[in-house]
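In structure tokens form, the structure reads like this:
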């Protein structure tokens with residue numbers, strides 16, 4: 015009996031959580047605890063002198079305190095120099111302390127391959143921040159830029175080789191680290207792009223290195239895919255972090271900025287709910303959605319943490335709004351209303367066209383607009399929003415082209431309907447591709463766009 | 003040199019060190035009070051997570067669901083603490099919660115009640131007299147632990163439950179009886195029957211293998 019008990023326990027104990035699983039669950043539980051904290055009365059009072067308000071510990075001036083002060087001074091030198099070095103940029107005396115000592119220690123402390131990849135990503139971002147800072151102060155010489163570009167490349171390559179190593183032992187960790195790396199590259203690319211425009215100093219070689227890396231990662235034919243649970247756990251963790259960061263920047267942000275960021279949190283929450291609902295039917299699709307969400311959260315975190323990023327790039331560039339189904343429907347209706355205003359004017363102009371060929375093209379174009387409008391209405395009624403967006407966008411573009419084409423035949427050539435003006439009111443919302451075609455460009459292609467029936 | 007100036011002031015006036023409490027949002031993490039409910043809860047996580055996970059794996063035969071159920075167990079227990087309840091023994095409370103979640107999982111899978119599963123699987127509660135004549139020691143003496151563990155998933159759920167609690171989790175019949183809210187007699191009978199069933203299945207399997215080997219040999 016005893017032997018059976020011992021043996022069965024021995025075999026059973028081989029079943030245990032993997033370190034990563036254990037850490038992920040612990041982090042998720044911690045996030046849950048942070049979202050659902052205990053009430054104040056449930057928390058114990060740490061100080062034994064309950065009720066006594068003591069904000070300071072006072073150490074009087076005597077021989078002991080002199081010794082303490084001396085020790086403190088030595089400590090300050092040991093801690094203070096590396097601390098001051100953290101703000102150094104290339105060319106500063108303390109820059110070597112920053113890259114050689116501080117970052118060297120961090121590299122040594124990163125024990126797991128995942129931590130190493132995360133650190134190399136962070137260091138790459140730091141080098142780019144330094145370059146931007148120098149560029150904004152007009153101190154970025156060609157030599158320094160080349161040097162930083164080279165260092166950025168070294169860090170990015172270290173990330174990639176770290177990822178390759180990580181894929182062997184921890185596919186989930188590799189996939190998650192890759193999402194963080196890709197998001198960092200996208201943020202840095204957007205910021206450098208803006209810096210290039212805004213600053214008189216060029217950062218093009220660094221931008222080129224970042225873009226090359228970004229394209230390489232994007233063109234990976236076999237990207238690592240995390241498990242649903244892995245990516246969900248990471249999202250919970252990062253969302254908590256993003257909320258905390260948001261709380262910390264709230265005081266300095268304007269009401270518009272706060273509303274803008276809150277909207278992104280709502281969008282992210284909605285996307286998570288949608289991905290979870292999708293899981294039953296399509297696990298792969300749900301994971302893809304979750305990966306996108308994680309990317310957005312990472313970018314939002316970059317926006318919230320890096321003041322330089324906030325000042326250089328608009329939030330919309332990094333984390334575009336995700337329209338709600340209602341907003342998408344409203345936009346479709348708006349586009350369709352514009353078309354309905356344009357159609358009578360096009361019909362009126364057609365009666366005055368003397369060129370038979372042109373009149374026939376306009377007639378065919380109008381028929382096509384009507385078909386597209388019917389399709390859009392049907393799709394909207396049946397809640398096929400994406401299709402309705404496509405059809406209404408195409409109808410709107412085609413109607414705009416026809417307006418342009420028949421403009422010369424109208425008695426009053428001044429802007430009769432202002433579809434472009436009404437369209438601009440929807441600018442913050444992402445329009446379907448077809449609807450963003452400018453009338454001028456579209457009119458050049460009208461001849462080929464109108465399909466002539468056999 | 004601003005730093006030197008600061009030090010001079012410190013040396014002259016004495017050293018004042020701020021002792022403000024940390025931000026509440028951080029409390030649940032590294033900044034929690036020692037010995038507080040959060041600390042005790044996280045200590046329980048560190049102590050029992052592996053054992054509870056193992057329990058769930060053997061009960062459900064599904065590693066991924068076991069991970070999820072482990073997570074749900076701890077969030078449920080935390081909610082219970084938040085509601086103002088106190089937990090005297092984390093071990094028995096955690097086992098109780100995970101056991102309930104596993105039963106919910108069975109119900110979800112089978113879309114039927116546990117009683118119906120019992121009925122389907124033909125399990126009656128038996129009598130204590132069954133324990134006489136061929137006791138547990140006698141059965142386990144001839145049982146191979148690894149084989150028994152591998153075949154655990156073939157047992158009806160109520161038998162799998164008691165065997166997991168008894169041998170994988172190492173709980174005594176009294177603890178098991180409190181946990182599953184049955185008498186000690188019922189627990190002992192179930193363990194006895196479960197072991198017998200395991201032994202019979204192992205023997206059956208071996209006989210089948212033997213037969214297969216003999217038919218293959220020319």
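Chains as they are written, first to last, in this note's numbering: chain A, 15 to 468; chain B, 3 to 220. Glycine residues also receive a C-beta, built at the ideal position from the N, C-alpha and C atoms.
### Message
Determine, for residue 173/B, whether the minimum Cβ-Cβ distance to residues of chain A falls below 8 Å.
### Response
Not one chain A Cβ lies under 8 Å of residue 173/B.
### Task
Measure from the alpha carbon of residue 344/A to the alpha carbon of each residue in 256/A, 380/A, 390/A and 40/A, then state which is nearest.
The residue with the shortest Cα to Cα distance from residue 344/A is 390/A.
### Query
Does the beta-carbon of residue 419/A have 16 or more other beta-carbons within 10 angstroms, so that it is buried, or is it exposed?
Burial is judged here by how many other beta carbons sit within 10 angstroms of a residue's own beta carbon; residue 419/A has at least 16 and is buried.
### Task
Could you tell me which of 203/A, 383/A, 182/A and 230/A sits nearest to residue 351/A, measuring between CA atoms?
Closest option to residue 351/A, judged by alpha-carbon separation, among 203/A, 383/A, 182/A and 230/A: 383/A.
### Message
Please list, in chain order, the chain A residues whose beta carbon lies closer than 7 Å to that of residue 52/B.
### Response
Going along chain A in sequence order, the residues near residue 52/B (Cβ under 7 Å) are 30 and 31.
### Task
Using a Cβ-Cβ cut-off of less than 7 Å, list which residues of the stretch 170-186 of chain A approach chain B; keep chain order.
Against chain B - using a Cβ distance shorter than 7 Å - the stretch 170-186 of chain A contributes no residues.
### Query
So is residue 179/B buried or exposed if we call it buried at 16+ other beta carbons inside 10 Å?
Residue 179/B should be labelled buried.
### Message
Our contact map puts residue 281/A next to residue 335/A with C-beta atoms below 8 Å; I'd like the distance itself, whole angstroms only.
### Response
Contact annotation, residue 281/A with residue 335/A: C-beta distance approximately 7 Å; criterion of less than 8 Å satisfied.
### Query
Between the stretch 198-210 of chain B and the stretch 152-166 of chain B, are three or more C-beta pairs nearer than 8 Å?
Taking 8 Å as the limit for Cβ pairs, the verdict is that the stretch 152-166 of chain B does touch the stretch 198-210 of chain B.
#### Entry: Within chain A, the residues that residue 56/B reaches when beta carbons sit closer than 8 Å
Ordered by position in chain A, the residues that pass the 8 Å Cβ test against residue 56/B are 26, 27, 29 and 30.
### Task
With DSSP as the reference, label residue 158/B as helix, strand or coil.
Three-state DSSP puts residue 158/B in coil, outside helix and strand.
### Residue nearest to residue 132/A in terms of C-alpha spacing, selected from 176/A, 377/A and 111/A
Residue nearest to residue 132/A within the set 176/A, 377/A and 111/A is 176/A (criterion: CA-CA distance).
### Query
What residue from 327/A, 216/A and 250/A has the CA that sits closest to residue 200/A's CA?
For residue 200/A, the nearest C-alpha among the options comes from 327/A.
### Query
residue 64/A to residue 42/B, Cα distance in whole Å?
In this predicted model, residue 64/A has a pLDDT of only 43, less than 50, meaning its place in the structure is not dependable; the value taken from the coordinates is given anyway. In this structure, the alpha-carbon of residue 64/A lies about 22 Å from that of residue 42/B.
### Query
To the nearest angstrom, how far is it from the Cα of residue 366/A to the Cα of residue 421/A?
Straight-line spacing of the CA atoms in residue 366/A and residue 421/A works out to 11 Å.
### Near-chain B residues of the stretch 31-53 of chain A - C-beta to any C-beta below 7 Å
Listed in sequence order: 31, 35, 36, 39, 40, 42, 43, 44, 46, 47, 48, 50, 51 and 52.
### Task
Quick one: grab the DSSP three-state call for residue 50/A.
Look at residue 50/A here: in three-state DSSP terms it is coil, with no helix or strand label.
### Message
Which residues in chain A have a C-beta closer than 7 Å to the C-beta of residue 59/B? List them in chain order.
### Response
Those within 7 Å of residue 59/B in chain A are 29.
### Query
In chain order, what residues of the same chain lie with their CB nearer than 7 Å to the CB of residue 117/A, ignoring the 5 residues before and after it?
These residues qualify, in order along the chain: 137.
### Task
Take the Cβ of residue 303/A as the centre, count every other Cβ of all protein chains shown within 10 Å, and call the residue buried at 16 or more, exposed below.
By the 10 Å Cβ count, residue 303/A comes out buried.
### Task
Rounded to whole angstroms, what's the CA-CA distance from residue 108/A to residue 87/A? Just pull it up for me.
Rounded to the nearest angstrom, the two C-alpha atoms are 19 Å apart.
### Task
Show which residues of chain A have a CB atom less than 8 Å away from the CB atom of residue 73/B.
39, 42 and 43, listed in chain order.
### Query
Is residue 149/A helix, strand or coil when you go by DSSP?
Residue 149/A falls in the helix class under three-state DSSP.
### Message
Whole angstroms are fine: how far does the CA of residue 160/A sit from the CA of residue 52/A?
### Response
Computed Cα separation, rounded: 53 Å.
### Message
At the 8 Å Cβ level, is residue 260/A part of the contact set with chain B, yes or no?
### Response
Residue 260/A does not count as touching chain B.
### Message
Quick check: is the beta carbon of residue 23/A nearer than 8 Å to any beta carbon in chain B?
### Response
Judged by the 8 Å Cβ criterion, residue 23/A is in contact with chain B.
### Message
My parser needs the beta strand (DSSP E) runs of 3 or more residues fully inside the stretch 183-248 of chain A; what are they?
### Response
Entirely contained in the stretch 183-248 of chain A, not one beta strand (DSSP E) run reaches 3 residues.
### Task
Count the other CB atoms, across all protein chains shown, that sit within 10 Å of the CB of residue 370/A; report buried if there are 16 or more and exposed otherwise.
That one is exposed.
### Task
Taking the CB atoms as reference points, tell me whether residue 386/A and residue 405/A lie closer together than 8 Å.
Result yes, Cβ atoms of residue 386/A and residue 405/A sit closer than 8 Å.
### Query
Is residue 87/B helix, strand or coil by DSSP?
When DSSP states are grouped into helix, strand and coil, residue 87/B belongs to the coil group.
### Interface residues of chain B facing residue 18/A [CB-CB closer than 7 Å]
Residue 18/A reaches chain B at 142, 145 and 147, counting residues in chain order whose Cβ is nearer than 7 Å.
### Task
Could you please tell me which residues of the stretch 151-162 of chain B, in chain order, have their CB closer than 8 Å to any CB of chain A?
Per Cβ criterion, the list reads 151.
### Task
With 8 Å as the threshold, decide whether the Cβ of residue 443/A is near any Cβ in chain B.
For residue 443/A, the pLDDT reaches just 34, beneath the cut-off of 50, and the residue's location in the model is therefore unreliable, leaving the point undetermined.
### Query
So, helix, strand or coil for residue 27/A, using DSSP?
Three-state DSSP puts residue 27/A in coil, outside helix and strand.
### Task
Find out if the Cβ-Cβ distance for the pair residue 202/A, residue 217/A is shorter than 8 Å.
No, the Cβ-Cβ distance between residue 202/A and residue 217/A is not below 8 Å.
### Message
Measuring straight from C-alpha to C-alpha, what distance separates residue 84/A and residue 113/A?
### Response
A straight-line Cα-Cα distance of about 28 Å links residue 84/A and residue 113/A.
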